[in-house]
Structure formats: C-alpha cells, structure tokens
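Working notes, structure below.
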Amino acid sequence: GAGVSQSPRYKVAKRGQDVALRCDPISGHVSLFWYQQALGQGPEFLTYFQNEAQLDKSGLPSDRFFAERPEGSVSTLKIQRTQQEDSAVYLCASSLAQAFGRFNEQFFGPGTRLTVL
Amino acid sequence: GENVEQHPSTLSVQEGDSAVIKCTYSDSASNYFPWYKQELGKRPQLIIDIRSNVGEKKDQRIAVTLNKTAKHFSLHITETQPEDSAVYFCAASISSGSARQLTFGSGTQLTVLP
Numbered sequence: 003g004a005g006v007s008q009s010p011r012y013k014v015a016k017r018g019q020d021v022a023l024r025c026d027p028i029s030g031h032v033s034l035f036w037y038q039q040a041l042g043q044g045p046e047f048l049t050y051f052q053n054e055a056q057l058d059k060s061g062l063p064s065d066r067f068f069a070e071r072p073e074g075s076v077s078t079l080k081i082q083r084t085q086q087e088d089s090a091v092y093l094c095a096s097s098l099a100q101a102f103g104r105f106n107e108q109f110f111g112p113g114t115r116l117t118v119l
Numbered sequence: 046g047e048n049v050e051q052h053p054s055t056l057s058v059q060e061g062d063s064a065v066i067k068c069t070y071s072d073s074a075s076n077y078f079p080w081y082k083q084e085l086g087k088r089p090q091l092i093i094d095i096r097s098n099v100g101e102k103k104d105q106r107i108a109v110t111l112n113k114t115a116k117h118f119s120l121h122i123t124e125t126q127p128e129d130s131a132v133y134f135c136a137a138s139i140s141s142g143s144a145r146q147l148t149f150g151s152g153t154q155l156t157v158l159p
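So the protein lines, in turn, are chains A and B.
Under this note's numbering, the first residue of the first sequence is numbered 3, with each subsequent residue one higher.
Under this note's numbering, the first residue of the second sequence is numbered 46, with each subsequent residue one higher.
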C-alpha cells in the first residue's frame with residue numbers, strides 16, 4: 003500500500019518568506035509526528051498529533067513554526083518568516099498507535115528538504 | 046528530557062565482518078528502542094526494535110541487545126554486505142502521557158568495504 007508521502011520534496015525560500023510543508027500519512031494512522039533533521043544529525047522531534055488534536059508541540063523551535071491537522075489526516079507544517087537556520091530536512095512520520103502504552107512502528111515519509119537563502 | 050548518545054559516528058568494516066553500534070540513554074522511563082537505517086537522500090526505515098521487557102532480539106543478520114541497568118543498547122550486524130552501507134540511528138521513546146515521540150542518536154555512518 004501507499005506509504006507516507008510529503009510535498010514538496012524540495013523547497014528553496016528566500017529569507018523572510020513563509021513556507022508550507024504537507025504530509026499525507028498512511029490511511030488510518032492515528033498518530034502523526036513532525037521531525038527536523040539537520041545535515042549529518044538525527045531527526046529531532048517537533049510536534050505530535052493524535053487525530054486532529056495537537057498533543058505536544060514542545061519541540062517547535064519558535065513561534066514562527068505552526069502545525070495543523072484539521073481533519074485528522076493530512077498535516078501541514080508552516081514556517082513563517084523563514085531564517086537560514088531553518089534549513090533542514092523536515093520529516094513526517096505516522097503510526098497506528100493511539101493508546102498510551104502501545105508501541106507501534108513510526109513510518110517515515112521521504113522528507114522535504116528546505117533551503118533558506 | 047531524554048538524551049541519546051551514539052557511538053561511533055563512523056565505522057568501516059570489511060565485507061563479511063561484524064559491525065557493532067552502541068547507544069546510551071538517560072531517561073530510565075524509556076521502554077522502546079528502535080533502530081533505523083537511512084540511505085543517502087532516503088527516508089529512515091525501521092530495521093529492528095526492542096522493548097524493555099526483553100534483553101535481546103535477533104532477526105537474521107541483525108541483533109539488538111538492551112541493558113536496562115546500564116541504560117545502553119547495541120546493534121549488531123553480522124556477515125556485513127556492501128548494501129548494509131548507510132547511516133544507522135538508534136532511538137528511545139519517552140513514556141510520558143500519550144506522546145510517543147522518538148529521541149534519536151546522532152547517527153553512525155557504516156561503510157562496508159568489498
């Protein structure tokens with residue numbers, strides 16, 4: 003079946019521009035995560051949704067970052083007034099898990115590589 | 046919060062030899078430890094995971110061990126092949142509330158020399 007998809011795959015923005023990154027999770031997956039992966043580093047947690055509820059946004063680096071998942075499926079990560087330090091690969095992952103205490107694999111999308119000039 | 050340290054950062058082995066990657070974690074509440082393989086420009090893919098109620102798990106040429114007392118876990122790859130060359134990430138899951146986010150190590154670039 004189809005895996006997690008993300009669009010665009012590559013995005014170049016001028017400093018100060020707003021960008022929107024889209025994630026289509028695996029159908030039926032309740033949990034959705036956004037991670038930021040800097041070059042040569044491991045992914046770092048940004049935010050987590052369970053259905054349409056954003057349960058944890060503690061990893062968002064500033065108030066310029068905003069994420070939503072209004073219908074509990076597709077999610078959008080928006081970055082306002084982009085800065086050069088925002089350049090990274092943004093990974094989305096989805097998981098079937100919905101209940102505390104359950105462990106389910108997180109399936110990752112291919113990522114969006116954002117370059118801010 | 047959780048902190049995961051991973052060593053070594055780079056590892057080169059001859060084809061057919063074994064490779065071992067080690068990770069330590071800080072939060073004793075962590076109880077799920079997956080390993081992901083990421084090829085250049087590709088998405089991370091789960092290769093094996095272990096839960097805190099077991100000490101070892103094996104899947105063909107790949108095995109993972111967990112020492113809860115010492116808070117470290119390791120990935121073992123035997124009979125390495127050139128296609129094993131990739132970046133490998135360990136991760137730990139914090140058991141708090143309903144969030145299941147992963148905290149990743151910094152990665153190990155494994156190169157298998159033919």
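Just so you know, even glycine gets a beta-carbon here, dropped at the ideal spot from N, CA and C.
All of these numbers come straight from a predicted model, not from anything done at the bench.
Reduced DSSP secondary structure (H/G/I, E/B, other) of residue i
i, result
"P27/A", "coil"
"E47/B", "coil"
"P159/B", "coil"
"Q90/B", "strand"
"Q108/A", "coil"
"E87/A", "helix"
"D129/B", "helix"
"P79/B", "strand"
"K80/A", "strand"
"L116/A", "strand"
Assumed close pair residue i, residue j - CB separation to whole angstroms, cut-off 8 Å
i, j, result
"G74/A", "E54/A", "4 Å"
"R115/A", "V76/A", "Between V76/A and R115/A the Cβ distance is about 20 Å, and since that is not below 8 Å, they are no contact."
"A131/B", "Q83/B", "6 Å"
"T148/B", "F47/A", "7 Å"
Sequence-distant residues of its chain with Cβ nearer than 6 Å to residue i (five each side left out)
i, result
"L98/A", "H31 and N106"
"F67/A", "I81"
"A40/A", "A90"
Proximal residues of chain B, C-beta to C-beta of residue i below 9 Å
i, result
"P10/A", "Correct list: empty, because the minimum Cβ distance to chain B is about 15 Å."
Same chain only: Cβ atoms within 7 Å of residue i, ignoring 5 sequence neighbours per side
i, result
"A22/A", "T78 and K80"
"S73/B", "K116"
Contacts of residue i in chain A (Cβ-Cβ under 8 Å)
i, result
"F134/B", "G44 and P45"
Beta-carbon neighbours of residue i, restricted to chain A and to distances below 9 Å
i, result
"G150/B", "G44"
"Q105/B", "In chain order: nothing, as chain A lies at least about 18 Å away."
Where residue i meets chain B, residues with beta-carbon distance less than 7 Å
i, result
"G113/A", "R88"
Beta-carbon contacts of residue i that lie in its chain and below 8 Å, excluding the five residues immediately before and after
i, result
"G9/B", "Outside the shown range of chain B (46 to 159) lies residue 9/B, about which nothing can therefore be said."
"S71/B", "E47, N48, V49 and K116"
"D159/B", "According to the sequence displayed, residue 159/B carries Pro and not Asp. Counting only Cβ-Cβ distances below 8 Å, and skipping sequence neighbours, we find E60 and P127."
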